[in-house]
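S.K.:
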DNA sequence: ATATTGTGTATAACCAATATGCACAATCCT
DNA sequence: AGGATTGTGCATATTGGTTATACACAATAT
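Chains as they are written, first to last, in this note's numbering: chain C, 32 to 159; chain A, 32 to 159.
1. By Cβ distance, which residues of its chain are closer than 7 Å to residue 86 of chain A, with the 5 residues on each side in sequence left out?
2. Quick check on the burial criterion: 16 or more other C-beta atoms within 10 angstroms. Buried or exposed for residue 106 of chain C?
3. By the 10 Å Cβ neighbour count, where 16 or more other Cβ atoms means buried, how is residue 92 of chain C classified, buried or exposed?
4. So, at 6 Å on beta carbons, what are the nonlocal neighbours of residue 88 of chain A in its own chain, with the 5 sequence-adjacent residues on each side left out?
5. So, using beta-carbon positions, are residue 96 of chain A and residue 72 of chain A closer together than 7 Å?
6. Below 6 Å CB to CB, which residues in the same chain sit around residue 40 of chain A once its five sequence neighbours on both sides are set aside?
7. In this structure, what does DSSP give as the bridge partners for residue 21 of chain A?
8. In angstroms with no decimal places, state the Cα-to-Cα distance between residue 158 of chain C and residue 147 of chain C.
9. Report, in whole angstroms, the separation of the C-beta atoms of residue 61 of chain C and residue 112 of chain C, which I expect to be a contact under 8 Å.
10. Cα-Cα, which of C:36, C:69, C:45, C:44 is closest to residue 115 of chain C?
11. Given that a residue counts as buried once 16 or more other Cβ atoms are within 10 Å of its Cβ, and exposed if not, what is residue 124 of chain C?
12. Pull up the distance between the alpha-carbon of residue 136 of chain A and that of residue 42 of chain C, whole angstroms please.
13. Rounded to a whole number of angstroms, what is the C-alpha to C-alpha distance between residue 99 of chain C and residue 118 of chain C?
14. Against chain C, does residue 124 of chain A count as a neighbour if the rule is that its beta carbon must be under 7 Å from one of theirs?
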């Protein structure tokens with residue numbers, strides 16, 4: 032079985048905590064199919080070492096990923112990308128997108144943007 | 032001169048810091064015209080007391096609001112909503128909207144959403 | 001058996017946000 | 001002029017989330 036490359040990185044400039052950055056990168060790669068089901072994640076100690084961070088941050092990211100069904104972990108064996116069907120992947124991807132969008136939507140309504148205005152704003156700024 | 036009502040509130044359940052909540056509420060009310068130029072803000076001590084928070088949080092919000100041109104402060108007199116022209120209000124409103132949207136846009140592209148998909152997602156979830 | 005991998009716990013350091021209190025400066029009001 | 005009001009500035013402290021380090025334990029692999 033051949034598996035995809037796992038690419039993970041940490042931005043110290045990000046406002047998001049490390050565990051959150053890892054969660055999103057992995058979840059995104061899974062629901063977009065960049066990471067196929069069953070792909071083994073690097074051992075947390077090795078990853079902590081190569082990223083120059085603590086095991087704690089990775090552990091927390093992995094915990095939440097498992098809680099949300101994105102990965103499965105087996106003691107002594109390792110952690111693996113969950114095997115989501117195409118349908119499931121699609122709905123989870125939509126879920127994540129909505130999760131990103133919802134908080135902004137609330138603010139944008141507060142700013143009095145109509146649906147039409149909002150769509151226009153996005154059309155003009157999607158790229159970049 | 033008659034001025035608008037200023038409504039400010041703090042949500043302890045919010046993930047955003049107090050000073051940020053205040054900043055946004057005030058900036059939003061100003062660019063949407065709910066707060067007309069020259070309207071006096073409550074004295075920071077009185078406001079701190081009535082909201083049950085510290086002066087520090089208010090001070091910081093006010094500082095950033097002044098830095099960004101939303102209010103003007105005069106020692107001994109008080110703080111007042113800045114007097115923005117209609118045009119200026121419009122462009123600042125657009126600025127704030129983009130500021131809310133931009134971080135989400137980056138994530139949404141990471142999720143592989145096309146412009147069309149994104150617009151559809153918004154159309155379906157603008158209300159609620 | 002020994003190594004590898006995840007789990008759990010304890011301890012500590014760091015930092016942003018927040019709170020409290022007091023002194024100072026500028027302005028307002030009488 | 002004098003007291004009240006308002007913003008400013010500083011010092012100190014607390015709290016909570018995030019992260020780091022280290023060690024012992026459990027399950028699996030080779």
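The beta-carbon is built from N, C-alpha and C at its ideal position, and this holds for glycine as well.
Quantities reported herein were computed from a predicted structural model and do not represent experimental measurements.
M.R.: Short version:
1. Sequence index remark: in the second chain, residue 86 of chain A carries index 55 (1-based). Correct list, in chain order: 75, 76, 79.
2. Looking up residue 106 of chain C in the first chain gives position 75. Counting every other CB atom within 10 Å of its CB across the protein chains shown gives residue 106 of chain C a total below 16, marking it as exposed.
3. Position 61 of the first chain holds residue 92 of chain C. With at least 16 other beta carbons inside 10 angstroms of its own, residue 92 of chain C counts as buried.
4. Taking the second chain and counting its residues from 1, one reaches residue 88 of chain A at position 57. Excluding residues within five positions, the ones whose Cβ falls inside 6 Å are 49, 50.
5. Here residue 96 of chain A is taken as the residue at index 65 of the second chain, counted from 1. Here residue 72 of chain A is taken as the residue at index 41 of the second chain, counted from 1. Here residue 96 of chain A is not near residue 72 of chain A, since their CB atoms are 7 Å or more apart.
6. Numbered from 1 along the second chain, position 9 holds the residue referred to as residue 40 of chain A. Around residue 40 of chain A: no qualifying Cβ.
7. Lying outside 32 to 159, the shown extent of chain A, residue 21 of chain A is not represented and no answer is given.
8. Reading the first chain from its first residue, position 127 is the one you call residue 158 of chain C. Reading the first chain from its first residue, position 116 is the one you call residue 147 of chain C. Cα-Cα distance, rounded: 19 Å.
9. The sequence position of residue 61 of chain C within the first chain is 30, counting from 1. The sequence position of residue 112 of chain C within the first chain is 81, counting from 1. Indeed, because the Cβ distance is near 5 Å, the residues count as touching under 8 Å.
10. Your numbering for residue 115 of chain C matches position 84 in the first chain. Nearest neighbour of residue 115 of chain C by Cα position, chosen from C:36, C:69, C:45, C:44, turns out to be C:69.
11. In the first chain, counting from the first residue as 1, residue 124 of chain C sits at position 93. So residue 124 of chain C ends up on the buried side.
12. Within the second chain, residue 136 of chain A is the residue found at index 105, counting from 1. Within the first chain, residue 42 of chain C is the residue found at index 11, counting from 1. Spanning the alpha carbons of residue 136 of chain A and residue 42 of chain C requires a straight line of approximately 18 Å.
13. For the purposes of this step, residue 99 of chain C is taken as the residue at position 68 of the first chain. For the purposes of this step, residue 118 of chain C is taken as the residue at position 87 of the first chain. If you draw a straight line from the Cα of residue 99 of chain C to the Cα of residue 118 of chain C, it comes to about 16 Å.
14. Walking along the second chain from the start, residue 124 of chain A turns up at place 93. Yes, contact with chain C.
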